[in-house]
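Peer 1: In the order they appear, the protein sequences are chains P and B. Under the numbering used here, the letters of the first sequence match residues 1 to 284, in that order. Under the numbering used here, the letters of the second sequence match residues 285 to 625, in that order. The structure that follows is given in the form of structure tokens.
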Amino acid sequence: MSDNVYMPYLMKITDIRDETPDTRTYRLEFTNPEDAKKFTFKAGQFGLYSAFGGGESTFCVASSPTREGYIECTFRVMGRVTTQLRNMNIGDIVGFRGPYGNSFPIEEKFYGKNITFIAGGIGLAPVRCVIWNILDLRDKFKDVNIVYGARTYQDLVYKHEIEEWEKRKDVNLVKTLDPGGDKAEYGCSGWNGKMGFVPTVLKESGIKGDNGVAVVCGPPIMIKLTLPVLKELGFAEENTFTTLENKMKCGIGKCGRCNVGSFYVCKHGPVLSAAELAQLPDEY
Amino acid sequence: MADVFLTHDKARELLIHLSANGVEAFGPVEKDGIHIIEKIHEQSPINFDYFITTNSIKEALFPRYEKILSYKISQEGVEVEDVPLDKSIVIMGGHPCDAASIPLMEKLFGWDYKDKFFLKRRENSVVITLACEEADNDCFCTSLGYSPRGEVGSDILLERVSDNGWKVKTLTDKGKNFAKEYADYFQSSLEADKKYPKLADKDVPVQFDPKKVKKWIDGHFEDSLWEKIASNCWSCAACTYVCPTCHCFDITDDATMWSGIRTKNWDACTLPYFTLHASMHNPREEHFQRYRQRINHKYSIYVNLFEAVSCTGCGRCSRACGARVNILEAVKMIDNAAGGK
Numbered sequence: 001m002s003d004n005v006y007m008p009y010l011m012k013i014t015d016i017r018d019e020t021p022d023t024r025t026y027r028l029e030f031t032n033p034e035d036a037k038k039f040t041f042k043a044g045q046f047g048l049y050s051a052f053g054g055g056e057s058t059f060c061v062a063s064s065p066t067r068e069g070y071i072e073c074t075f076r077v078m079g080r081v082t083t084q085l086r087n088m089n090i091g092d093i094v095g096f097r098g099p100y101g102n103s104f105p106i107e108e109k110f111y112g113k114n115i116t117f118i119a120g121g122i123g124l125a126p127v128r129c130v131i132w133n134i135l136d137l138r139d140k141f142k143d144v145n146i147v148y149g150a151r152t153y154q155d156l157v158y159k160h161e162i163e164e165w166e167k168r169k170d171v172n173l174v175k176t177l178d179p180g181g182d183k184a185e186y187g188c189s190g191w192n193g194k195m196g197f198v199p200t201v202l203k204e205s206g207i208k209g210d211n212g213v214a215v216v217c218g219p220p221i222m223i224k225l226t227l228p229v230l231k232e233l234g235f236a237e238e239n240t241f242t243t244l245e246n247k248m249k250c251g252i253g254k255c256g257r258c259n260v261g262s263f264y265v266c267k268h269g270p271v272l273s274a275a276e277l278a279q280l281p282d283e284y
Numbered sequence: 285m286a287d288v289f290l291t292h293d294k295a296r297e298l299l300i301h302l303s304a305n306g307v308e309a310f311g312p313v314e315k316d317g318i319h320i321i322e323k324i325h326e327q328s329p330i331n332f333d334y335f336i337t338t339n340s341i342k343e344a345l346f347p348r349y350e351k352i353l354s355y356k357i358s359q360e361g362v363e364v365e366d367v368p369l370d371k372s373i374v375i376m377g378g379h380p381c382d383a384a385s386i387p388l389m390e391k392l393f394g395w396d397y398k399d400k401f402f403l404k405r406r407e408n409s410v411v412i413t414l415a416c417e418e419a420d421n422d423c424f425c426t427s428l429g430y431s432p433r434g435e436v437g438s439d440i441l442l443e444r445v446s447d448n449g450w451k452v453k454t455l456t457d458k459g460k461n462f463a464k465e466y467a468d469y470f471q472s473s474l475e476a477d478k479k480y481p482k483l484a485d486k487d488v489p490v491q492f493d494p495k496k497v498k499k500w501i502d503g504h505f506e507d508s509l510w511e512k513i514a515s516n517c518w519s520c521a522a523c524t525y526v527c528p529t530c531h532c533f534d535i536t537d538d539a540t541m542w543s544g545i546r547t548k549n550w551d552a553c554t555l556p557y558f559t560l561h562a563s564m565h566n567p568r569e570e571h572f573q574r575y576r577q578r579i580n581h582k583y584s585i586y587v588n589l590f591e592a593v594s595c596t597g598c599g600r601c602s603r604a605c606g607a608r609v610n611i612l613e614a615v616k617m618i619d620n621a622a623g624g625k
């Protein structure tokens, strides 16, 4: 391996799934079998994905570490790099640096607990990694609840997997759309989930925080409004986890832009508990 | 050991000789009345008569624009190539406040992931520093425990003894080997001139206590003083470019359809787009938030991470500021807010 920390692995796109009109999932496999053999990661870690010629962009690894041989990433087309990534096809080469950052303390804190996932929009990507991680080791955990919401039907990502989780007897799934999100223009015909914002739906879901761990990811406003609800439901702040997202360039603590006070999202995060989050200055 | 001296003329010759022989030689040149440190070539107007160079020696080890890899794209796939870093580097002309920045930057670039672009350059470099002859009101190295004659980070220290020369003090094995290898350029005597007295620490008075400053910063993330301090800031980032310890960078691709390079470029926490998310959310939207980040990073965050203040008191940011934002005044205001001296 090169001593150049900015050198990416080369990965081939082996599967493409369009989640929404502007959100896409790639399955990526190492072109070098040696890299594949050595590579490991943990739920919650992220990487820098590059479109050669466009640059690098930071996303979480959206697949579970229990599924070996590939990683998946889900991204929304926003700028130069994601636009170029979006225009790629099966067989094309993407660069990947990582895995970086810390991870969800699954063994230490999740084993033997009731696990509740709360996600909004594309925030399901980092949560999906943990969901599959937990479901692949299902007998180590008690109840599994998933509360997932999006602005409209069109903005729901991983629709097939939501259906799959919904069918499972060992998963309690609550899905919701923001008011007005079930219109036909969003491709929705006969919505069988809830209507309402995630924090409200969570509050009325009957989920309890006893012996529970919560994982929350989504738009900042959703996280902000969800944390007090979790507290009300009895989840301890130490057992409520979320991830921080900030602009990153290096991913390895050098480039100086992702820090919130002395907390470097790339090095000390991206995963942190609500208790830790409360200690940070309000600048994220 | 016998005294060794170096004249300005010989130093000029040496730098040009080095640059002609495959060494990346950095030295002070005079351009339009200002002095800057830059890569020397045969015609460089090298000049050693200055108070302080406008820029720092930073770009010798951390170039403003630097290739970190290159790639070729073809129908078969992508081929990525690393960048070799084998050139010897000689940096002459900085002051002790420049050299002191090197061990500080080393902490960051060696933090867990080793950034070879800085570390390898550092390893390959000989740092020849000019002890200070004068100080101005923006200088405050002593407040951070440094000295106008400080040796931190240097391999050789040159102390001015006449109009045309210095007494040579070799500080490290690297410095000793360099002086031996280029012994022809050095000499064993030089007539000293009394008009070059040594600048002492007391000539640069201590003006604040960095420990107290950190303590205040840690307890006052939200404080109106930040807005007051940064009220003139234009967010132009000149302060960060001349700073010997500012290290924030961007990574971008420069490419055509079939080939390209990836580069590391200087960036600055004081620029508005620095932290801008793709969603247009910006955690540091206001001038004061960005200026707070700059001071906080240097005086508190860096201390938390690496037990050192990331500032050497060179005062360049104050001199470079078109809006007269002055870091020494800012830190003194904080020091005062923390309860005076």
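Positions of the beta carbon are idealized from the N, C-alpha and C atoms, including for glycine.
Could you pull out every residue in the same chain whose Cβ sits closer than 6 Å to the Cβ of Lys194(P), ignoring the five residues on either side in sequence?
Peer 2: Closer than 6 Å at the Cβ level, and outside the excluded window around Lys194(P), lie Thr176, Val201.
Peer 1: Could you tell me which residues DSSP puts in a beta bridge with Asn588(B)?
Peer 2: DSSP, once it has assigned bridges, lists no residue as partnering Asn588(B).
Peer 1: Looking at the C-beta of Gln573(B), does it have a partner C-beta in chain P at a distance below 8 Å?
Peer 2: Closer than 8 Å to some Cβ of chain P, the Cβ of Gln573(B) qualifies, so yes.
Peer 1: Starting from the N-terminal side, write out each stretch of the beta strand (DSSP E) that is 3 residues or longer and does not extend beyond the segment 381-449 of chain B.
Peer 2: Complete beta strand (DSSP E) runs here, min 3: 409-414, 440-446.
Peer 1: Can you look up Tyr334(B) in the DSSP assignment and give me helix, strand or coil?
Peer 2: If DSSP states are grouped into helix, strand and coil, Tyr334(B) belongs with coil.
Peer 1: Are there 16 or more other CB atoms within 10 angstroms of the CB of Tyr26(P), so buried, or fewer, so exposed?
Peer 2: Looking at its Cβ environment, which holds 16 or more other Cβ atoms inside 10 Å, Tyr26(P) is buried.
Peer 1: Should Pro21(P) go down as buried or exposed, given a rule of 16 or more other Cβ atoms within 10 Å for buried?
Peer 2: Pro21(P) should be labelled exposed.
Peer 1: For a test of the three-state rule: what should DSSP assign to Ser508(B), helix, strand or coil?
Peer 2: Helix, per DSSP.
Peer 1: Output needed in chain order: residues of the segment 318-339 of chain B with a Cβ under 8 Å from some Cβ in chain P.
Peer 2: Flagged: no residues at all.
Peer 1: Go through its chain and collect everything with a Cβ distance to Gly599(B)'s Cβ below 6 Å, but skip five positions before and after it.
Peer 2: Closer than 6 Å at Cβ, skipping near neighbours: Asp422, Cys423.
Peer 1: Are the segment 113-133 of chain P and the segment 204-219 of chain P in contact at 8 Å, needing three or more beta carbon pairs?
Peer 2: As far as the Cβ criterion goes, the segment 113-133 of chain P touches the segment 204-219 of chain P, which means the pair count is three or higher.
Peer 1: Roughly how far, in whole angstroms, is the beta-carbon of Gly256(P) from the beta-carbon of Cys553(B), given that I think they are within contact range, below 8 Å?
Peer 2: Confirmed, Cβ separation roughly 6 Å.
Peer 1: Do you know how far the Cα of Cys381(B) is from the Cα of Ala419(B)?
Peer 2: Between Ala419(B) and Cys381(B), the C-alpha separation is close to 12 Å.
Peer 1: If you draw a straight line from the alpha carbon of Phe590(B) to that of Lys391(B), how long is it in whole angstroms?
Peer 2: So the alpha carbons of these two residues sit roughly 7 Å apart.
Peer 1: Closest by CA to Ile585(B), which one among Cys266(P), Ser262(P), Lys267(P), Tyr284(P)?
Peer 2: Selected option, being the one with the closest Cα: Ser262(P).
Peer 1: Roughly how many whole angstroms lie between the Cα atoms of Phe401(B) and Asp370(B)?
Peer 2: Roughly 11 Å separates the two Cα atoms.
Peer 1: For a contact defined as C-beta to C-beta under 7 Å, what are the partners of Asn259(P) on chain B?
Peer 2: Ile585, listed in chain order.
Peer 1: Taking 8 Å as the CB-CB cut-off, is Ile357(B) touching chain P?
Peer 2: Chain P, which has a Cβ nearer than 8 Å to the Cβ of Ile357(B), makes this yes.
Peer 1: For a contact defined as C-beta to C-beta under 9 Å, what are the partners of Gly79(P) on chain B?
Peer 2: Under the 9 Å cutoff, chain B gives Ala562.
Peer 1: Grab the span of the beta strand (DSSP E) containing Lys323(B) for me, first residue to last.
Peer 2: It spans 318-323 - the beta strand (DSSP E) in which Lys323(B) sits, taken as one unbroken run.
Peer 1: Can the beta-carbon of Val157(P) be found closer than 8 Å to that of Thr23(P)?
Peer 2: Closer than 8 Å, so yes.
Peer 1: Got a sec: which bits of the segment 230-246 of chain P sit with their beta carbon under 9 Å from any beta carbon on chain B, in order along the chain?
Peer 2: Cβ contacts with chain B: Glu245, Asn246.
Peer 1: Which same chain residues end up closer than 6 Å to Leu85(P) when comparing Cβ atoms and leaving out the 5 residues on each side of it in sequence?
Peer 2: Answer for Leu85(P): Ala51, listed in chain order.
Peer 1: I'd like to know if Ser519(B) contacts chain P, where contact means its C-beta is closer than 8 Å to some C-beta of that chain.
Peer 2: Not closer than 8 Å to any Cβ of chain P, the Cβ of Ser519(B) fails to qualify, so no.
Peer 1: What span of residues does the alpha helix (DSSP H) with Met617(B) cover, start to end?
Peer 2: From DSSP, the alpha helix (DSSP H) with Met617(B) extends over 611-621.
Peer 1: Tell me the DSSP secondary structure of Ile90(P) in three-state form.
Peer 2: Three-state DSSP puts Ile90(P) in coil, outside helix and strand.
Peer 1: Consult DSSP for Thr547(B) and reduce its assignment to one of helix, strand or coil.
Peer 2: If DSSP states are grouped into helix, strand and coil, Thr547(B) belongs with the strands.
Peer 1: For Phe505(B), which residues from the same chain have a beta carbon less than 7 Å from its beta carbon, with the 5 sequence-adjacent residues on both sides left out?
Peer 2: So the list is empty, once near-sequence residues are dropped.
Peer 1: Please confirm whether Ile535(B) has its beta-carbon closer than 8 Å to some beta-carbon of chain P.
Peer 2: Yes, Ile535(B) counts as interfacial toward chain P.
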